[in-house]
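Trainee: Residue 1 is where the sequence shown starts when you use UniProt numbering, and the numbers rise one by one after that. Don't be surprised by glycine CBs; every beta carbon is placed ideally from N, CA and C. Since the structure is predicted, the reported quantities are computational estimates derived from the model, not experimental observations. The structure that follows is given in the form of structure tokens.
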Amino acid sequence: MVAADLDVLLVHTPENIYYLTGYETAGYFEYQVLAVPASGAPSLLIRNTERFNVDEHTWLPEAHLWSADTDYFEATVQLLDSLGTPRSARIGLESHSWFVTAQVSAALTAKLQGRQVVDSGRIIERRRLVKSLAEQAYVRAAAAIVDRMMAAGVAAASAGRSELDVAAAVQQKQMLAGGEYPALPHFVKSGDRLMLQHATATDKRLSTGDFLHLELLGVTRRYHAALTRTVHIGQASASVRQSASVVFDIADQMLNELRPGATISEITKHGRDRINALRGDVHGDTRVALHGGDPNEFSVILAPFPGTNRRLGYSMGIGFPPNAGEAHTSDFRESNPLELQPGMVFHMLSGVSPELTFTETVLITANGSERLTQTPRKLVEA
């Protein structure tokens, strides 16, 4: 804040409020804001019905409250006045936040009168990239939960059962294992639905020969761990198994490059180079025999994701709906120069094929990286 010459930062993003204070509620669809002065303690403004969550979850002695007949933008001005914020102050606003709408931005700017309102950038998000030991423990616990959820989902998968049957097993285990609600639904899809991004379970029945995609989230204290596995319904052909081994090799090579000092840009470039080289070795981007024809013709190299510039990972941590990851802060693209540091956590993607998808949650350590998700990386034949 000092470097940005900000007197006060107005924080509207639920993840950032949680990071700074521990405050959480599913009722963040109502207006809430944390005023963080350059010096001194922050002050929270929330709806009056949420007041008991302050005592339950935070270290704050109290909070400012607004009610149904309150102008909460005016209450925000009063909050700043209570902090002794001068009329000449520079006020930082999270312009990137989903919760700072055009209406919120315009109303606050008008109410704050002579105070200068400026874009704060992602000051807090950048701070959140490196997890403390306590935060790492939460992600580890979330990873252990998602491993158990994956085992339950795999066990429920067989010909004749529906995607909903599998999702029900996953969600039951989520609760029984001590998991919280995730910031995104679990993605469960199969057969001709595999190309649907971010698809949730339907009553579609699993058939022999289908690929079943399970992308799941474990959550502890709002910290997320992600895990994806592919299940083949019935016995897989030799070519499918060989294609899976190609995906594993690419993933292993990328994980081996994760270490302090390495840059996201170079790791992404190396990963994409390997993927594109493999595609070039076969027949370009032609798709064959994925949902019909001779199953022995299957090749993962012939079934790439659309485009060649798909990201290969993104930061993970605190999540509230509608987003579980921290991709908006840092993801694996060639344009990202970020240097890896111990304590960073990423959801690493294979980036090769929608039919054979295997992802992990990984912690950057002092000497390299550690897979926090422990589910064996193999093609399950159910």
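#1: May I ask which residues mark the beginning and end of the alpha helix (DSSP H) holding Val-146?
#2: Which residue from Thr-361, Leu-216, Gly-153, Ser-132 puts its Cα closest to that of Ala-183?
#3: With distances taken from CA atoms, which of Phe-248, Leu-212, Asn-276, Phe-332 is nearest Thr-263?
#4: Check whether the segment 118–127 touches the segment 146–156, taking contact to mean three or more Cβ pairs, one atom from each stretch, closer than 8 Å.
#5: Which residue wins for smallest C-alpha separation from Val-146, given the options Lys-269, Gln-374, Asp-165?
#6: Would you mind stating whether Gly-317 and Arg-140 have Cβ atoms separated by less than 7 Å?
#7: Please report how far the alpha carbon of His-347 lies from the alpha carbon of Thr-268, in whole angstroms.
#8: Taking the CB atoms as reference points, tell me whether Ser-350 and Ala-251 lie closer together than 7 Å.
#9: Taking the alpha helix (DSSP H) that Asp-55 falls in, what are its first and last residues?
#10: Does the Cβ-Cβ distance between Val-36 and Leu-9 come in under 7 Å?
#11: Would DSSP call Lys-204 helix, strand or coil?
#12: Check whether the Cβ atoms of Thr-58 and Tyr-23 lie closer than 7 Å to each other.
#13: DSSP three-state call for residue 384: helix, strand or coil?
#14: May I have the straight-line CA-CA distance separating Gly-179 from Val-246, to the nearest angstrom?
#15: Spell out whether any CB of chain B is found under 7 Å from the CB atom of Leu-44.
#16: Beta carbon of Ser-162, beta carbon of Asp-210: below 7 Å?
#17: Quick one: using the 10 Å Cβ neighbour count with 16 as the cut-off for buried, is Gly-84 buried or exposed?
#18: In the structure shown, what three-state DSSP assignment does Asn-48 receive?
#19: So, Phe-73 versus Lys-111, is the Cβ gap smaller than 7 Å?
#20: I'd like the span of the beta strand (DSSP E) that includes Pro-37, first residue to last.
#21: Starting from the C-beta of Thr-357, find all residues in its chain whose C-beta is less than 7 Å away, skip the five residues before and the five after it, and write them out in chain order.
#22: Between Asp-119 and the rest of its own chain, which residues show a CB-CB distance below 7 Å, the 5 nearest in sequence each way excluded?
#23: By alpha-carbon positions, which one of Glu-50, Val-2, Met-254, Glu-339 ends up nearest to Glu-370?
#24: Would you mind stating whether Lys-360 and His-232 have Cβ atoms separated by less than 7 Å?
#25: Taking the C-alpha atoms as reference points, what is the distance between Pro-322 and Ala-169?
#26: Helix, strand or coil: which one does DSSP assign to Glu-334?
#27: What are the partner residues of Ser-190, as DSSP defines its beta bridges?
#28: Measuring only the C-alpha atoms, how far is Gln-116 from Val-100?
#29: Along the chain, where does the beta strand (DSSP E) containing Ile-91 start, and where does it finish?
#30: Got a sec? Which residues, its chain only, sit under 6 Å from Ala-177 by beta carbon, not counting five neighbours each side?
#31: What first and last residue would you give for the alpha helix (DSSP H) that runs through Tyr-314?
#32: In terms of alpha-carbon separation, which member of Gln-136, Pro-14, Ala-143, Leu-312 lies closest to Ala-226?
Mentor: Once the coordinates are examined:
#1: Run containing Val-146: 133–156, per the alpha helix (DSSP H) assignment.
#2: Here the closest residue by C-alpha is Leu-216.
#3: Taking only the C-alpha atoms, the option nearest Thr-263 is Phe-332.
#4: Not touching, per the Cβ criterion.
#5: Of the candidates Lys-269, Gln-374, Asp-165, the one whose C-alpha sits nearest the C-alpha of Val-146 is Gln-374.
#6: Going by C-beta atoms, Gly-317 is not nearer than 7 Å to Arg-140.
#7: Using only the alpha carbons, I get a separation of about 13 Å.
#8: A contact, by the Cβ cut-off of 7 Å.
#9: First-last of the alpha helix (DSSP H) with Asp-55: 52–57.
#10: The Cβ atoms of Val-36 and Leu-9 sit closer than 7 Å to each other.
#11: Coil.
#12: Against a cut-off of 7 Å, the Cβ pair of Tyr-23 and Thr-58 comes out as a contact.
#13: In the structure as shown, the chain begins at 1 and stops at 382. Residue 384 is therefore absent and cannot be evaluated.
#14: When only Cα atoms are considered, Gly-179 and Val-246 end up about 33 Å apart.
#15: Here chain B cannot be found, since the structure has a single protein chain.
#16: No, Cβ-Cβ distance for Ser-162 and Asp-210 is not below 7 Å.
#17: Exposed, since its Cβ has fewer than 16 Cβ neighbours within 10 Å.
#18: In the structure shown, Asn-48 sits in a helix (DSSP, three-state: H, G or I).
#19: Contact flag set, yes.
#20: For Pro-37, the enclosing beta strand (DSSP E) begins and ends at 33–37.
#21: Once the five neighbours on either side are set aside, the close Cβ partners of Thr-357 are His-213, Thr-228, Thr-230, Ser-350.
#22: Annotation for Asp-119: Leu-93, Ser-95 place their beta carbon closer than 7 Å to its own, counting only its chain and skipping 5 residues before and after.
#23: In this structure, Met-254 is the residue among Glu-50, Val-2, Met-254, Glu-339 with its C-alpha nearest to the C-alpha of Glu-370.
#24: As written in the sequence, residue 360 is Glu, which differs from the Lys given in the question. No. Outside cutoff.
#25: The alpha-carbon of Pro-322 is positioned some 23 Å away from that of Ala-169.
#26: Coil.
#27: Answer is Leu-212, bridged to Ser-190.
#28: C-alpha separation (whole angstroms): 16 Å.
#29: Start and end: 90–93.
#30: Residues Ile-145, Arg-148 of the same chain have their beta carbon placed closer than 6 Å to that of Ala-177, with the five preceding and five following residues left out of the count.
#31: Unbroken run through Tyr-314 is the beta strand (DSSP E), 313–320; no alpha helix (DSSP H).
#32: Of the candidates Gln-136, Pro-14, Ala-143, Leu-312, Ala-143 places its Cα closest to the Cα of Ala-226.
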